[in-house]
Structures are given as C-alpha cells and as structure tokens.
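Enquirer: Residue numbers (this note's numbering): 4 to 269. No residue lacks a Cβ here, since even glycine has one placed at the ideal position from N, Cα and C. Remember, predicted model here, so these are calculated numbers, not experimental data. Below are the structure tokens for one structure; questions will follow.
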C-alpha cells in the first residue's frame, strides 16, 4: 500500500502541529514495515529517519516559498506520479482538486470560533477550503472530544466520520530532578492572540507572592509582540522572561524545573 503523508510542517522550527506530525509518522513507520510512505512538503523536510525500514520516501528537495501554490498547483502532479492508495493531510488543508481517498487532521475550529485571532488573508483562504476538504475526506481526525463537537457544529460533519486521537507526551518528557534556581511558572507555545497570554500575564501580576517568574517559550506569530507589551505596561520586565524558540532537547528540563505549566489557550 502506498501512503502519501503531509509533511508541510516538518521543516524549520517545529511547533505543536509539527511535533504531532513527526511523532505520528515515526510511530507509523515503526509499526508498519509493509507499506510505503511518501512524505510531501513545499520545503525540504527535517526528520529523524531511524524508524524507517527502507519504506520512507521524500518527494521534494526544492523550496517552494508559498505553500498554497505548492498545495494546489504542484502537489497534484506529484501525487499523479505516486498514485497513493491513501493520503493523510495533517494540517487542515488538501488540494482543492483532490479526488483520491484521504483522511485529514483538523486540530480545532479556531479559524471559525476565534476569527480575529488569525490574519485576514488566512481567514479568507481557509473559509471555504476547510469545509470542502472536510466534506470530501473519508475520515477526519481530531485531538479532543471538544474539537469533534465543534467540527460537527460548524462543518456539519456526521460524528461517525470523525475519530478522536488524544495526544500524549513524548518519552523524553519524564520526571527528573529539578535544577536549583528561582521558581517559575512555564508556558510553551506560539505567541499569538488565541493563546490568551495577555490575560495570563495580567493574572500573574496579581499574585500576592512575588517570588516566582513567568517563563514564556515559543515563536512570535500573528500579533506575537502583544504579550511583551503587556508585561512592560504592567512593570513586569524583571519577572516575565521571553525565551523565544527553545530546541526540543531543552524542553524536558524546563518542564521539570517549573512549579506549574500554564496553558490558558482560548
């Protein structure tokens, strides 16, 4: 069986969806040596291929600057050559002309429920495409029962066409002795409005005890500078630390050292 796998988030500095795709692909390779996997992406993919048994193939080594052009103009030609039995689109979108059997992962319905938290161009591009992709999919995968409920509500998809696959921590995230230092609360994720970081910083400023720091880890995305502006406005420059993007190898230590992990995402 030939399986085409969407690797368009498997390049550069990976965030949540990128790690989801990486771990999913590695797990499928480890448990399935009979099928051939073809990873497609608009940019060269960075992936540890240790789980492969010669059944992993990369379809592109060229950098396409615009993902949408690659997805709708170039990818269909690539798939015509591969002739996959099944494709897995891992991040909401598929070619508008795609008629082959496929499954799609829809992580949440934030594009519908939190429209103002996304750039206008992205909202316009996905407004009709995501519902179309969902309707044509053989199966929809999502990460929680709540997201499943929102997909049913906003896209009108029958529940029996949606499968919930809860996410889990990778093996390296295991308890270990914390290093001595000033106590801190930890946030890890992209810096964007729907992550609710301004409210988090405001709540942190109202804590009666001032012995903790708030450590914020992640890439700045759409309006990503608003959190730092909020910290400055509240006079918290010395207590709120923005570390930017942190390599995955450093994350287990940060989690182990934290008093608590805080994730107030909307």
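Quick one: what's got a C-beta closer than 6 Å to residue 88's C-beta in the same chain, skipping five residues either side?
Expert: Answer for residue 88: 4, 5, listed in chain order.
Enquirer: Could you spell out the range, first to last residue, of the alpha helix (DSSP H) harbouring residue 81?
Expert: Looking at the DSSP string, the run of the alpha helix (DSSP H) that includes residue 81 is 78-85.
Enquirer: Around the Cβ of residue 98, are there at least 16 other Cβ atoms within 10 angstroms (buried) or fewer (exposed)?
Expert: With 16 or more other Cβ atoms within 10 Å, it is buried.
Enquirer: Express the C-alpha separation of residue 187 and residue 211 in angstroms, rounding to a whole number.
Expert: Going by the C-alpha atoms only, they are around 15 Å apart.
Enquirer: What's the gap between the Cα of residue 28 and the Cα of residue 44?
Expert: Going by the C-alpha atoms only, they are around 14 Å apart.
Enquirer: Only counting runs of 4 or more residues, tell me where the alpha helix (DSSP H) segments fall wholly within the segment 195-227, in order along the chain.
Expert: Entirely contained in the segment 195-227, the alpha helix (DSSP H) runs reaching 4 residues are, in chain order, 200-208.
Enquirer: What number of angstroms, rounded off, separates the C-alpha of residue 103 from the C-alpha of residue 41?
Expert: Distance between the alpha carbons of residue 103 and residue 41 is about 15 Å.
Enquirer: Let me know the secondary structure DSSP gives residue 154 once reduced to three states.
Expert: Helix, per DSSP.
Enquirer: Please classify residue 213 as buried or exposed, where buried requires at least 16 other C-beta atoms within 10 Å of its C-beta.
Expert: Exposed, since its Cβ has fewer than 16 Cβ neighbours within 10 Å.
Enquirer: In whole angstroms, what is the alpha-carbon distance linking residue 107 and residue 231?
Expert: The alpha-carbon atoms of residue 107 and residue 231 are separated by roughly 35 Å.
Enquirer: Which residues bound the beta strand (DSSP E) around residue 49?
Expert: First-last for residue 49: undefined, no H or E at that position.
Enquirer: So residue 96 is in the beta strand (DSSP E); what residue range does that whole segment cover?
Expert: Here residue 96 belongs to no beta strand (DSSP E), and DSSP marks it neither H nor E.
Enquirer: Measuring CA to CA, which of 202, 233, 62 is closest to residue 265?
Expert: Comparing Cα positions, the closest option is 202.
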